[in-house]
Every structure is written in structure tokens, then in C-alpha cells.
Amino acid sequence: YKDKDGDALTATNAYEGIFCIEKSCAWGDSLIETSFIIGEKVKTIPNYMLAKLGMKSLVIPGNVTRIGNNNFELCYELNSIKFLPGSEPLTIGYIDKAIDKGPFYDCQLELIDLNRELNYLNDGPGGLNAWDEGVFASDTNWGASDDSYMDGMGEQPIYTTKVNLGPNVKEISDWMFAGTKVELIWIPREITKIGKEAFSKCKKFKGLTCNHITPPELGEGAFDGTKFDEENAAYEDVLKEAQQFGYAESD
């Protein structure tokens with residue numbers, strides 16, 4: 018990928034992405050519908066390569082080992098993402114600066130199908146330090162019951178998010194699903210840790226199934242802002258105490 022002078026170019030914004038399409042991204046000004054298939058010879062998806070595309074679904078095959086920074090920025094119509102197993106963890110990057118959020122923050126994901134260990138990297142000085150920087154963290158306004166916060170941009174869709182976690186997933190990282198519309202989730206036995214505020218701000222969250230013999234480690238505030246938190250402020254304290262006696266969350 019080279020600039021007009023023939024020099025190597027590393028994209029630093031969505032408009033420099035390889036497949037960027039010049040079109041307004043305001044709600045109601047729909048992106049051009051795009052189908053995108055990643056073949057078996059692709060190893061790396063460079064920074065912003067997929068940004069601003071109107072694809073509705075995407076499959077990341079196991080041969081892809083790195084997804085560069087902010088690849089899904091302004092992909093407002095992406096509602097399904099599937100990660101197939103690979104021989105090594107998949108590295109996903111993001112840039113930590115004031116205007117940027119997590120990789121899928123702009124998306125309205127109705128399906129997250131993950132069967133791959135993720136290595137989530139930040140290329141900025143601040144580190145992962147806020148809920149909206151989680152891997153699948155989503156704008157909490159997507160799927161709101163009213164659209165007053167986006168006056169004049171049309172009616173917002175009402176949706177929920179289904180999450181499928183496969184046996185290759187070992188950990189739910191800090192803020193991983195923060196702000197998403199997930200309602201129910203099954204935690205595979207291979208998962209040993211649920212990170213800090215992993216499900217925070219998930220207003221539709223109703224519960225999970227966790228049939229571990231050894232319960233996973235639970236991070237601080239894992240369910241902050243959910244119905245668990247609202248209905249029982251002492252929920253996490255009770256859970257941690259129960260875990261000391263070997264009880265799983267589903268118990």
C-alpha cells in the first residue's frame with residue numbers, strides 16, 4: 018500500500034483505508050452495501066483497511082493473524098462477526114486517543130461468534146483504561162428505545178446481541194462486552210477469568226450459564242450497570258463469597 022509518491026503508507030484514519038468509500042456516514046445516509054470475503058492467503062488486515070465499508074457480516078478465517086488499528090471504524094451496518102479457530106492467537110489493535118474507541122464501537126453487532134484466543138493491543142500511550150475501549154464495547158445508545166440523542170438522523174434499530182463463545186476462548190477480557198445488547202451468555206468451561214467490568218453497561222443483560230467445576234476468576238465490577246447490579250447491589254460480594262466454597266455463578 019503506497020501513497021501518491023510511491024512511498025509505503027500506513028493508514029492513520031478511515032479515509033486512508035485501502036477500500037475507503039467517500040460517502041456520508043450520518044444515520045439515514047446508508048453506506049453502500051458491501052460483501053467482503055477474506056481468503057486463505059490473507060495473513061494481515063492493515064490499519065483501517067475495512068473502515069467505512071457497508072458490510073453487514075464478516076468472517077475472520079484462522080489464517081489471519083493480525084487485524085490492524087480501527088478496522089471497523091464507521092462500519093455502522095456491520096451486525097455479524099465470526100472468528101474461526103486458528104493455530105495462534107489473533108492480534109487486534111486499536112489506537113488510544115480522544116476520538117477513538119474500541120474496534121467495534123461503531124457497529125451494531127447482533128451476533129458475535131468467537132472461537133479464537135484474542136491478543137488485544139493498544140498503540141497509544143494511555144493503555145486500556147475505559148469501558149468504551151473494550152474489544153466488543155458498543156455505543157450504549159445503539160438500540161435505544163428512543164432516538165432523541167440523534168435528532169434528525171432517523172429511527173434507530175432495536176436489537177439484541179447474541180454471543181457464542183467456543184472452547185478456544187480462555188478469558189473474557191476487561192470491558193470485553195461493555196455496552197453491548199447481550200441478554201444471555203453461556204460461559205464455556207475453558208474460560209478461567211471474567212475481566213474487570215466485562216459486561217458493564219449491558220442494560221439488557223439478564224444472566225449467564227456457568228457450569229465450571231472450578232469457577233472462573235471474577236473481575237471487579239464485572240456486571241456494573243446491569244440488572245444484576247440494579248436488583249442486588251451486593252451481588253458480586255455474594256458471588257465471590259460463594260465461589261470460595263466452589264459454587265459456580267449459575268448455582
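Read in order, the letters of the sequence shown are residues 18 to 268 in the working numbering.
Glycine included, C-beta positions come from ideal geometry on N, C-alpha and C.
These numbers were taken from a predicted model, which means no experiment stands behind them.
If you drop the 5 nearest sequence neighbours on each side, which residues of the same chain put their C-beta closer than 6 Å to that of Glu-188?
Once the five neighbours on either side are set aside, the close Cβ partners of Glu-188 are Lys-210.
For Gly-212, which residues in the same chain have their Cβ closer than 8 Å to its Cβ, ignoring the five residues on either side in sequence?
So the list reads Glu-188, Ile-189, Ser-190, Asp-191, Trp-192, Met-193, Gly-236 and Ala-239, once near-sequence residues are dropped.
Which of the three DSSP states is assigned to Ala-31 in this structure?
DSSP places Ala-31 in helix when its eight states are reduced to three.
Is it the case that the Cβ atoms of Glu-234 and Lys-221 are separated by a distance below 8 Å?
Going by C-beta atoms, Glu-234 is not nearer than 8 Å to Lys-221.
Would you mind sorting Asp-163 into buried or exposed? The rule is 16 or more other CB atoms within 10 Å of its CB.
The predicted position of Asp-163 is uncertain, since its pLDDT is 42 and thus under 50; no value can be drawn from it.
How far does the beta strand (DSSP E) with Tyr-137 in it reach, from first residue to last?
Tyr-137 -> beta strand (DSSP E) spans 135–139.
Taking 8 Å as the threshold (beta carbon to beta carbon), is Phe-36 in contact with chain B?
Here there is only one protein chain, and chain B is not present.
Does the beta-carbon distance from Pro-205 to Pro-184 come in below 8 Å?
Yes, Cβ-Cβ distance for Pro-205 and Pro-184 is below 8 Å.
Tell me whether Lys-187 sits in a helix, a strand or coil according to DSSP, three-state version.
If DSSP states are grouped into helix, strand and coil, Lys-187 belongs with coil.
Can you find at least 3 beta carbon pairs, one from the segment 76–83 and one from the segment 53–67, that sit closer than 8 Å?
The segment 76–83 vs the segment 53–67: in contact.
Can you tell me which of the three DSSP states Trp-203 falls into?
Here Trp-203 sits in strand by DSSP.
Pull up the distance between the alpha-carbon of Leu-97 and that of Ala-25, whole angstroms please.
Sequence inspection shows Ser at residue 97; the Leu mentioned does not correspond to that position. Computed Cα separation, rounded: 32 Å.
In three-state terms, what does DSSP make of Lys-218?
If DSSP states are grouped into helix, strand and coil, Lys-218 belongs with coil.
If you measure between the beta carbons of Thr-197 and Glu-127, is that distance less than 8 Å?
Not closer than 8 Å, so no.
Could you have a look at Glu-234 and say whether DSSP puts it in helix, strand or coil?
DSSP places Glu-234 in strand when its eight states are reduced to three.
Could you give the first and the last residue of the continuous beta strand (DSSP E) run that contains Phe-121?
No beta strand (DSSP E) contains Phe-121, which DSSP labels as neither H nor E.
Roughly how many angstroms separate the alpha carbons of Asp-123 and Cys-37, rounded to a whole number?
Between Asp-123 and Cys-37, the C-alpha separation is close to 16 Å.
Hey, which unbroken runs of the alpha helix (DSSP H) at 4 residues or more fall wholly within the segment 46–116?
For the segment 46–116, not a single whole alpha helix (DSSP H) run of length 4 or above is found.
Among the residues of its own chain, which have a CB less than 8 Å from the CB of Pro-102, if the five just before and after it don't count?
These residues qualify, in order along the chain: Gly-79, Asn-132, Arg-133, Gly-183 and Asn-185.
Hey, Thr-139 and Leu-145 are a contact pair by Cβ (cut 8 Å); roughly how many whole angstroms apart?
In the sequence as presented, Thr is not what sits at residue 139; that position holds Asn. So it is a contact: roughly 6 Å between Cβ atoms.
Tell me where the beta strand (DSSP E) around Lys-179 begins and ends.
It spans 179–182 - the beta strand (DSSP E) in which Lys-179 sits, taken as one unbroken run.
Can you pull the DSSP bridge partners for Ala-25?
Looking at the DSSP assignment, Ala-25 forms a beta bridge with Lys-19.
Need the endpoints of the beta strand (DSSP E) that Ile-129 sits in, please.
Segment 128–131, the beta strand (DSSP E) holding Ile-129.
Give the C-beta separation of Phe-100 and Leu-91 to the nearest angstrom, bearing in mind that I take them to be a contact with Cβ-Cβ under 8 Å.
Phe-100 to Leu-91, Cβ: 21 Å. No contact.
Using alpha carbons as the reference points, say which of Lys-21, Ala-68 and Lys-58 lies closest to Trp-51.
According to the sequence provided, residue 51 is Thr. The question's Trp does not apply to it. Closest option to Thr-51, Cα to Cα, is Ala-68.
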